[in-house]
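S.K.:
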Amino acid sequence: MSSSELTAKPVVDAERAGSVRIEQVTHQYGRGGEAFTAVGPVDLAVPAGEFLVLVGASGCGKSTLLRLIAGFEQPTHGSVRVSGAEPRPGVSAGVVFQTPRLFPWRTVRGNVDLALRYAGVGRAQWPERRAELLARVGLEGTERRRVWEISGGQQQRVAIARALAAENPLLLLDEPFAALDALTRERLQEDVRQVTERTGRTAVFVTHSAEEAVFLGSRIVVLTKSPGTVAPDLPISLPRGDVDAEELRNSPEFAELRAQVSHAVKAAAAACTPYTPSGKGFDP
Ligand code: ADP
Ligand code: MG
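Heads up, the sequence shown is in full-length UniProt numbering, so the first residue is 1 and it goes up one at a time.
#1: The ligand ADP heavy atoms versus the CB of Gly49: any closer than 7 Å?
#2: Check whether the stretch 126–142 and the stretch 210–219 touch, using three or more Cβ-Cβ pairs below 8 Å as the test.
#3: Tell whether a beta-carbon distance below 8 Å holds between Leu172 and Leu66.
#4: Less than 7 Å between the CB of Lys62 and some heavy atom of the ligand MG, yes or no?
#5: Taking the alpha-carbon positions, what's the Tyr29 to Arg185 distance?
#6: In chain order, what residues of the same chain have a beta carbon less than 6 Å from the beta carbon of Thr224, not counting five sequence neighbours either side?
#7: Could you compute how far the alpha carbon of Thr199 sits from the alpha carbon of Asn168?
#8: Is there a Cβ from chain D that is less than 8 Å from the Cβ of Gly241?
#9: Whose C-alpha, out of Ile150, Ala245, Gly94, Arg88, is nearest the C-alpha of Trp105?
#10: At a threshold of 7 Å, does Glu175 count as lining the ligand MG (C-beta to nearest heavy atom)?
#11: Is Phe205 closer than 8 Å to Phe51 when the C-beta atoms are compared?
#12: Going by C-alpha distance, which of Ala179, Ala165, Leu234, Ala182 is nearest Ser92?
#13: Ends of the beta strand (DSSP E) at Leu44?
#14: Note down the Cα distance separating Glu140 from Ala131, rounded to an integer number of angstroms.
#15: Within its chain, find whatever has a CB closer than 7 Å to the CB of Pro277; leave out the 5 residues flanking it on each side and keep chain order.
#16: So what does DSSP say about Arg16, is it helix, strand or coil?
#17: Could you tell me if Asn250 is buried or exposed, where buried requires 16 or more neighbouring beta carbons within 10 angstroms of its beta carbon?
#18: If you run the structure through DSSP and keep just helix, strand and coil, what is Ala231?
#19: Taking 7 Å as the cut-off, is the beta-carbon of Ala259 closer than that to any non-hydrogen atom of the ligand ADP?
#20: Please state the DSSP three-state secondary structure of Tyr275.
#21: So does the stretch 152–164 actually touch the stretch 112–131, counting three or more Cβ pairs closer than 8 Å?
#22: Could you give the distance in angstroms between the alpha-carbon of Ser83 and the alpha-carbon of Arg16?
#23: Cβ of Gln24 within 8 Å of Cβ of Pro47?
#24: Under the DSSP definition of a beta bridge, which residues are partnered with Asp174?
#25: Could you check where the beta strand (DSSP E) with Val192 kicks off and where it finishes?
#26: Buried or exposed, going by whether 16 or more other CB atoms sit within 10 Å of the CB of Pro89?
Next up, the structure:
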């Protein structure tokens, strides 16, 4: 055991596997007179197990913030911690992008196996783990098909299966369903909600849709227009666990929250309009 382990503080929530802590983070693109502040300053703590949705107008810095959490970008100022440590790109979190980044010449099976290999899973376990992952995203029976032979929705499912392969306690998703038709989008939203809940993962999900945010989030943070800073931070207390998705989407509580989030996003995007909550609070 190293001396740092011996002197380590007791594990607090901010250091639990899957937690995210963003402190005084600013991110600039370019340098000197050309420098443009895309994000910050932002302070945000995401406890392990939370489903945080970042919502905001286009260009307000959502993807930048997600890339900072993934470790793909370094903050200009401030610190980002994932599970109590500096994020390691490709290691600290499973990431799903807007367009699935798959190997098009490989089969579904080949794409998932590659993720299992990167995750350090022993080859003997691949068939079982692959079958389990594909079943989780509803892709049973597609193993031998090439990526170009499956639909956009199925490709996005493969991307989700790949992100789940590493069993990271943190999942980062950047508008993963934006390019899909409404029906497929709803199905995948249900899948992601269920998978994160069943596995106890933390999720940070970026969207510009109030509807998607309310359906998925256990908490919603609205980003103001660039430079993105955190505007209202809304806990969502819609039921989780074994819920009827259709019923949930059609409930008056859902409609009320969607209207509040939609209003908050518009207020945050209009630079000089301070956001004022309706006074009813955000817990239905
Ligand atoms: P969002 O995901 O909310 O649409 P982004 O994080 O992609 O926003 O971008 C935030 C701002 O930073 C935008 O004004 C965008 O033009 C700018 N930006 C994003 N990436 C870069 C980059 N690589 N270089 C320069 N500016 C960038
Ligand atoms: Mg974006």
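Every residue, glycine too, gets a C-beta built ideally from N, C-alpha and C.
M.R.: In terms of the structure at hand:
#1: In the sequence shown, the residue the question calls residue 49 occupies position 49. No, the beta carbon of Gly49 sits no closer than 7 Å to any heavy atom of the ligand ADP.
#2: Under the 8 Å Cβ criterion, the stretch 126–142 does not count as touching the stretch 210–219, having fewer than three qualifying pairs.
#3: Position 172 of the sequence shown, counting from 1, holds the residue named residue 172. Position 66 of the sequence shown, counting from 1, holds the residue named residue 66. It is a contact, given that the beta carbons lie within the stated cut-off.
#4: The sequence position of residue 62 within the sequence shown is 62, counting from 1. Yes, the ligand MG has a heavy atom inside 7 Å of this Cβ.
#5: In the sequence shown, residue 29 corresponds to position 29, counting from 1. In the sequence shown, residue 185 corresponds to position 185, counting from 1. A straight-line Cα-Cα distance of about 32 Å links Tyr29 and Arg185.
#6: Numbered from 1 along the sequence shown, position 224 holds the residue referred to as residue 224. For Thr224, where only same-chain residues beyond five positions count, the Cβ hits under 6 Å are Ala231, Ala268.
#7: Along the sequence shown, one-based indexing puts residue 199 at 199. Along the sequence shown, one-based indexing puts residue 168 at 168. Answer to the nearest angstrom: the Cα atoms are 10 Å apart.
#8: The chain labelled as chain D is not found in the depicted structure, where only one protein chain is given.
#9: Sequence index remark: in the sequence shown, residue 105 carries index 105 (1-based). The option with the nearest alpha carbon to Trp105 is Ile150.
#10: Along the sequence shown, one-based indexing puts residue 175 at 175. Within the cutoff, so yes.
#11: Counting from 1 along the sequence shown, the entry for residue 51 is found at position 51. Counting from 1 along the sequence shown, the entry for residue 205 is found at position 205. Yes, the pair counts as a contact, with Cβ atoms nearer than the cut-off.
#12: Mapped onto the sequence shown, residue 92 falls at position 92. Of the listed residues, the one whose Cα sits closest to Ser92 is Ala165.
#13: Position 44 of the sequence shown holds residue 44. Segment 36–46, the beta strand (DSSP E) holding Leu44.
#14: Position 140 of the sequence shown, counting from 1, holds the residue named residue 140. Position 131 of the sequence shown, counting from 1, holds the residue named residue 131. Roughly 7 Å between the two C-alpha positions.
#15: As a first step, residue 277 is located in the sequence shown; it is residue number 277 there, counting from the start. In this prediction, Pro277 has a pLDDT of 39, which is less than 50 and means its spatial position is unreliable; what the coordinates show is noted afterwards. Once the five neighbours on either side are set aside, the close Cβ partners of Pro277 are Pro232.
#16: Counted from its first residue, the sequence shown places residue 16 at position 16. Three-state result, Arg16: coil.
#17: Mapped onto the sequence shown, residue 250 falls at position 250. So Asn250 ends up on the exposed side.
#18: On the sequence shown, residue 231 is found 231 positions in, with the first residue counted as 1. Residue state, collapsed to three classes: strand.
#19: Taking the first residue of the sequence shown as position 1, residue 259 is located at position 259. No - the ligand ADP has no heavy atom lying nearer than 7 Å to the Cβ of Ala259.
#20: Taking the sequence shown and counting its residues from 1, the one referred to as residue 275 is at position 275. Note that Tyr275 scores a pLDDT of 37, beneath 50, so its modelled location is shaky; the value from the coordinates is reported in the next line. Tyr275 sits in coil when the DSSP states are folded into three classes, being neither helix nor strand.
#21: Yes: at least three Cβ pairs fall under 8 Å.
#22: By 1-based counting over the sequence shown, the position of residue 83 is 83. By 1-based counting over the sequence shown, the position of residue 16 is 16. In this structure, the alpha-carbon of Ser83 lies about 5 Å from that of Arg16.
#23: Taking the first residue of the sequence shown as 1, we reach residue 24 at position 24. Taking the first residue of the sequence shown as 1, we reach residue 47 at position 47. Against a cut-off of 8 Å, the Cβ pair of Pro47 and Gln24 comes out as no contact.
#24: As a working mapping, residue 174 is identified with position 174 in the sequence shown. Bridge partners of Asp174: Val206.
#25: Here residue 192 refers to the residue found at position 192 when the sequence shown is read from its first residue. Where Val192 is concerned, there is no enclosing beta strand (DSSP E), although the alpha helix (DSSP H) it sits in stretches over 182–199.
#26: To locate residue 89, count along the sequence shown from 1; it is residue 89. Exposed, since its Cβ has fewer than 16 Cβ neighbours within 10 Å.
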